[in-house]
Amino acid sequence: MMERVDSTRVDRWLWSVRLAKTRPDAAEACRGGHVRVNGRPAKPATMVSPGDEVRARVGHTTRIVEVVRVIHKRVGAADAATCYLDRTPKPELADTIAVAVRERGAGRPTKKDRRMLEKLRTGRIR
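If you're matching positions, the sequence shown starts at 1 in UniProt numbering and goes up one per residue.
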């Protein structure tokens, strides 16, 4: 059974809802300026409560979440997902890279295939 809490430290909350792998990682992200609470830079001891917006850089993406429920102990992934609303915008499709795909076992590329691959790589044909 989970205990209800009104507010808790942002580093503890990030770890509890599984946005950070460890609590020291969450605290380090705060000290490094990678976490903001309601638009302001957050120290590890910054308190969060329901309704707050938390922006945290996780890996190479910035996660924007709204605090729905405050917990201070780490819970399962399904329970953790109910503690916040994910407001992170979807990634743009323009960030994807075109990849040449050939059928397995198709053998060496023909001259036509080679020209298409060259055009894909450089944007022009020799």
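Cβ coordinates follow ideal geometry from the N, Cα and C atoms, glycine included.
Residue j beta carbon less than 8 Å from that of residue i
i, j, result
"V58", "R87", "no"
"S49", "S7", "yes"
"P44", "R31", "yes"
Distance, residue j Cα to residue i Cα
i, j, result
"A106", "P24", "51 Å"
"R29", "V10", "Reading off the sequence, residue 29 comes out as Ala, not Arg. So the alpha carbons of these two residues sit roughly 11 Å apart."
"R104", "L117", "16 Å"
"A26", "A42", "11 Å"
"K112", "T122", "16 Å"
"G39", "H60", "19 Å"
"R102", "E92", "26 Å"
"A81", "R114", "48 Å"
"A77", "M47", "22 Å"
"K119", "R108", "17 Å"
Residue from the options with nearest C-alpha to residue i
i, options, result
"R12", "R40, V67, R121", "V67"
"L85", "R40, V70, E92, A26", "V70"
"H34", "A81, L117, L14", "L14"
"P89", "T62, D79, V101", "T62"
Where residue i sits in the DSSP three-state scheme
i, result
"A56", "strand"
"R9", "strand"
"R108", "coil"
Below-8 Å beta-carbon distance, residue i vs any chain C residue
i, result
"R74", "In the structure shown, chain C cannot be found, because there is only a single protein chain."
* Is it a yes or a no for the region 44-58 touching the region 15-30, going by three-plus beta-carbon pairs under 8 Å? -> yes
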